[in-house]
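First up is the structure itself, then whatever we jot down about it.
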Amino acid sequence: MTELVVVANRLPIQLLSKEFPIFTNSPGGLVSALHSILAAKGGTWVGWNGSYTNTILPFDFDYKLYSVEIDESNFRDYYDGFSNKILWPLYHELPYDLQFCSQWWRGYKKVNQIFAIKTAAVAKTDSSVWIHDYHLQLAPKILRQYRPDIRIGFFLHTPFPSFRTLKKMPRWREIVAGISCSHIIGFQTMRDKQNFQIALKNLELSSEGSLPAQPKIIVDPISIDFKIWSNRAQQPEIETLVRQIRDSIGIDKLLIVGIDRLDLTKGILNRLLAFRELLTEQHVDPKQIAMVIVASTNRDSKNPNDEYRLCIQNLTFEINNRFGEKTRPIVHLINTQITPTQVSALFVAADILIVSSLKDGMNLVAKEFVASSVNSRGMLILSKNTGAALELNAALQINPHDIDDIKNSILAAIRMNEGEIIVRMQSMRQIIQSHDVYDWAKRFLHVLQST
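Per the working numbering, residue 125 is the first one in the sequence shown, and the count goes up by one each step.
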């Protein structure tokens, strides 16, 4: 049987203490999805363990873990620098002045080489290697040079930008060439695939000498483990947490929830602006509504969104000062990471979930909410600029840049009758149940292993 080797920036574990190497299972959409696949199939996971020391991993998984060794300087250049200050905003086409830093690029190349060398060392003969996301776009080419015997797949979880945007980056050719040395390349949407094909064509026209291998390019949108989220939502501990949430905000209040990382791409500020307008224009009674916003910071990096966080905090304070009660705020802002159990409880407690991403490769939170809505009573408001919007067309879809559109969609969700909410949610649940994370992986790996 062909062994599967997953290669991703992080291992499915999280460092709890920097003084002592104490680890626990790591949360996160990508990690959860890949963990589910390897737990079912077995195999190997190559990634970083969150520590700058060569620590033995005391974990009993159903698959093998191999940690890459990266010093702090290279990691910061690769992760905080090139990955998150160049690639992330570029791929999400955020309006900013791109400032290319040669040191970040050197760190990115170095760490990609470290990942490729480690993978080449641990992969068995004739393995299938599945490399993930924008952090490791050079790894396929390097790995293929070391191990021409193995099949290499690459999946990009973020959007892939238009060529007009991509070519602003001085090293775009190396990036496209690196990805192109995969046998199979997967994208979330047809637009992402088409953008990459245009970039590849421009690479071929501008290249001298040998060209990258011609890969097979597919669209295979990622999903979630439907059963895990649906079953967890029905556990007694969730019911207890839901009661606590409702007691905290007000039992009879309509609850709007948003769960994101703190990031400019997530449109959190626009969501709050729309909520403020809704209250200012007196469309709703402030005593009958509440909003919970989870905007957790990234565990791996120095937060580049401090100014954005301050804007969110100031607007939250203003809304609470104008419309909240003395003993009970109307907006509850949570900046810490919360557990999957706490996420499930918020999903079950919510009357409305808002995903207002300015641009998002998929957005698994939307799918997790749908899977958790066992009684089909919640309503999803979903940005049109997410991959999930192409599948979940029964959601109320919004232009995340249009404050009026967000406001009016919240109002429409509030006024929607229960029968329509149930029909819409049941439709979305059927879609996700029939296209879960296992279906996503099965399709990708079938193409990879038959190449």
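Virtual Cβ for every residue (Gly too), placed ideally from N, Cα, C.
Since this is a predicted model, take the numbers as computed values, not measurements.
- From the listed residues 508, 543 and 265, the smallest Cα separation to residue 483 is found for 508.
- The region 394-413 makes contact with the region 516-535; the number of CB pairs closer than 8 Å reaches 3 or more.
- Our two residues, residue 342 and residue 278, have alpha carbons roughly 10 Å apart in a direct line.
- Residue 382: member of the beta strand (DSSP E) spanning 378-385, first to last residue.
- By the neighbour-count criterion, in which 16 or more other beta carbons inside 10 Å mark a residue as buried, residue 446 falls on the exposed side.
- Ranked by Cα distance from residue 358, the first of 495, 326 and 225 is 495.
- Under the Cβ criterion (8 Å, minimum of three pairs), the region 342-351 counts as touching the region 556-569.
- Inclusion of residue 382 and residue 478 in the CB contact set at 8 Å is warranted, their separation being smaller than that value.
- Exclusion of the five residues before and after residue 365 leaves 469 as the residues of its chain whose Cβ lies within less than 6 Å of its Cβ.
- Boundaries around residue 320 are those of the alpha helix (DSSP H), 314-330, since no beta strand (DSSP E) includes it.
- Ranked by how close their Cα comes to the Cα of residue 126, the residues 231, 326 and 253 have 253 in first place.
- For residue 131, the enclosing beta strand (DSSP E) covers residues 128-134.
- Excluding residues up to 5 positions away in sequence, 410, 454 and 455 lie with their Cβ nearer than 8 Å to the Cβ of residue 448 in the same chain.
- For residue 492, the three-state secondary structure derived from DSSP is helix.
- Per DSSP, residue 540 lies in no alpha helix (DSSP H) segment and is marked neither H nor E.
- With respect to the C-alpha of residue 216, the residue from 571, 485 and 548 having the closest C-alpha is 485.
- Beta-bridge partners of residue 388 (DSSP): none assigned.
- Nearest neighbour of residue 513 by Cα position, chosen from 457, 323 and 312, turns out to be 312.
- Residue 521 is bridged by DSSP to 506.
- It is roughly 14 Å from the alpha-carbon of residue 164 to the alpha-carbon of residue 564.
- Two segments are said to touch when three or more pairs of C-beta atoms, one from each, lie closer than 8 Å; by this definition the region 225-244 touches the region 263-274.
- Taking all protein chains shown into account, residue 517 has fewer than 16 neighbouring C-beta atoms within 10 Å of its C-beta and is therefore exposed.
- Here the C-alpha atom of residue 211 lies approximately 28 Å from the C-alpha atom of residue 505.
- DSSP places residue 168 inside the beta strand (DSSP E), whose first and last residues are 168-172.
- Put simply, of 414, 302 and 490 the residue whose alpha carbon is nearest the alpha carbon of residue 353 is 490.
- Counting only residues of its own chain and dropping the five nearest sequence neighbours on each side, residue 362 has a CB closer than 8 Å to the CB of 356, 465, 468, 469 and 472.
- Between the alpha carbons of residue 434 and residue 459 lies a distance of about 11 Å.
- Residue 159 has no beta-bridge partner at all, per DSSP.
- Residue nearest to residue 276 within the set 293, 308 and 258 is 308 (criterion: CA-CA distance).
- As the crow flies, the alpha-carbon of residue 201 is around 49 Å from that of residue 539.
- Secondary structure at residue 515: coil, using DSSP grouped into helix, strand and coil.
- Spatial neighbours of residue 569 in its own chain (CB-CB distance under 8 Å, excluding positions within 5 residues in sequence) are listed in chain order as 128, 252, 254 and 277.
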